[in-house]
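The numbering of the sequence shown is the working numbering, which starts it at 98 and goes up by one. Where is the CB? At the ideal position from N, CA and C, for every residue including glycine. Because the structure is a prediction, the values reported are computed rather than measured. For reference, the structure discussed in these notes is given below.
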Amino acid sequence: MTVGFIGEARDSVDDRERGHIDTVIGLAEQFAKLAADHDERAEINVANLDALHDAGLTAAVLPAAVGGEGLSYRAFGAIVRAIAQGDPATATIWAMHTGAGVGLAELTRDGLGSFFADEFLAGRRFANALSEPATGNAFLNPQQDAQPVDGGWTLHGAKRFVSGSEIADYLLVNARVDGEPAYFAVIPDDSVTFVPIWDTLGLRATRSQLVSFDNTLLAADKRGRVPGPTDFAAIPAALPAISLGIADAALAALIAHARGREIAGAPLSHQQWVQHAVADAEIKLTAAHALYDKALREADAHDPAFFPDLNRAKYLANKVAVEVSGLGVRIGGGTGFLKTSPIQRHHRDAQAGQLMAHSTEVLATIIGSDVLGVGVQAR
Ligand SMILES: Cc1cc2nc3c(=O)[nH]c(=O)nc-3n(C[C@H](O)[C@H](O)[C@H](O)COP(=O)(O)OP(=O)(O)OC[C@H]3O[C@@H](n4cnc5c(N)ncnc54)[C@H](O)[C@@H]3O)c2cc1C
């Protein structure tokens, strides 16, 4: 486990949070040992999720306003980076579970009080069912209309790429009600089916399936408000960290290979092209971590620059992960191409970060139009 890149974040938080980070660093070392097996079988590592809960991470990440300890963004970012370095599929499911669980606790607080906070603290599993087949990246603007019925509305449609959906006790679902996005908690019943589409190139162990809703009740008493700027933005804060963790693992794997592989009597690490390419990769990765840390510091300081900088941090982290893991494939040669090598897995996993909303193309539109002052919003 490379602690170096998250060292600054680790040093800047209090003892309680540093304790959580150190616990997760230890757990992630164990996660790394089983990541390839679960990737191969496309199987969720439920034991990893249990270990994070048992280590106190659930209470730690729940904001104090809804009954938890309240983790700073800096500590949260360090934790997701550490998990992702060991097993990015676990990091993705945990981030989505956290986003949905914390989200439902915050969004339904005025109606259901502490119900979802209590369920989250008790270790129930949550998943985030927002992306629609027709809207892709625009996951906060659902285009599926819910139909009014007694006690609420019904949803007939689908959400896709819902990480960890098959093991979830609760789904955070959005749909259009009276022309506006509305958010609900759904307890999967017979009207909810999981379509096994997730036979993928990378992040296979997230099992991010298609979820089909056959006139599923969106109960009025389980409707929450729409997310606001003061809610804990777990998923936006986690997405750059997943790519950074993958990039950290990819850099460590290529360094190990370059040191160990001898060509014509000298380690590959002694070749100048390798040194130059590694310098380029390491510098870009350091910059990506620094930009991410800046965005998290702004978030902790309630500085509105947080969201634009987090967009930039995700864009850079996604790109750097693809670049670093691609360099791993070059340095790894045929050996790195083998399934027995972590190099090929890091390269496959790195592709997923740039696909997850908002994708790097959508972010480029948001950031570029902002820089140019043309006021275009990505749809
Ligand atoms: C590993 C993984 C896990 C996920 N987990 C979840 C989850 O738990 N819950 C959930 O709700 N969703 C999840 N998603 C869905 C994800 O967040 C995206 O919403 C979804 O992948 C986008 O749909 P799409 O991949 O079909 O891409 P599309 O949106 O169809 O994009 C296709 C291409 O078009 C580009 N594009 C799309 N819109 C625009 C635009 N406006 N301007 C310019 N270019 C555009 C994209 O950049 C991309 O290159 C997950 C996705 C992945 C890959």
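Item, Value
"Straight-line Cα distance separating residue 269 from residue 153", "23 Å"
"Residue 189 beta carbon near ligand 1 (any heavy atom closer than 7 Å)", "yes"
"Cβ pair residue 351, residue 440 closer than 8 Å", "yes"
"contact_flag[the stretch 174-184, the stretch 221-241] where n(CB pairs < 8 Å) is 3 or more", "no"
"Span of the alpha helix (DSSP H) around residue 309", "Per DSSP, residue 309 belongs to no alpha helix (DSSP H); it is in the beta strand (DSSP E), 306-316."
"Rounded separation between residue 105 and residue 390 - CA only", "9 Å"
"For residue 225, the first and last residue of its enclosing beta strand (DSSP E)", "223-226"
"Limits of the beta strand (DSSP E) - the one that residue 251 falls within", "249-259"
"Residue from 348, 131 and 344 whose Cα sits closest to the Cα of residue 448", "344"
"Contact set for residue 386: own chain, Cβ-Cβ below 7 Å, skip 5 residues either direction", "102 and 341"
"8 Å contact criterion, which residue 150 and residue 220 should meet: CB distance rounded", "5 Å"
"Per DSSP, cross-strand counterpart(s) of residue 232", "Looking at the DSSP assignment, residue 232 forms no beta bridge with any residue, so it has no partner."
"Cβ-Cβ distance between residue 332 and residue 226 below 8 Å", "no"
"Counted within 10 angstroms of its Cβ, other Cβ atoms place residue 319 as buried (16 or more) or exposed", "buried"
"Contact set for residue 122: own chain, Cβ-Cβ below 7 Å, skip 5 residues either direction", "98, 100 and 179"
"Local Cβ density within 10 Å of residue 173, reported as buried at 16 or more and exposed below that", "buried"
"Where residue 265 falls: helix, strand or coil (DSSP)", "coil"
"Any alpha helix (DSSP H) of 4 or more consecutive residues that is wholly inside the stretch 104-188", "104-109, 112-138, 143-151, 154-158 and 170-183"
"Identity of the residues DSSP links to residue 274 by a beta bridge", "277"
"Residue 452 CB to nearest heavy atom of ligand 1 below 7 Å", "yes"
"Those runs of the alpha helix (DSSP H) which lie wholly inside the stretch 286-364 and span at least 4 residues", "331-357"
"Meets three-Cβ-pair contact criterion under 8 Å: the stretch 155-163 and the stretch 196-215", "yes"
"Check: residue 438 C-beta below 7 Å from any heavy atom of ligand 1", "no"
"Local Cβ density within 10 Å of residue 258, reported as buried at 16 or more and exposed below that", "buried"
"Three CB pairs or more closer than 8 Å across the stretch 135-148 and the stretch 292-310", "yes"
"Residue 415: CB within 7 Å of a non-hydrogen atom of ligand 1", "no"
"Per DSSP, the bridge partner or partners of residue 245", "250"
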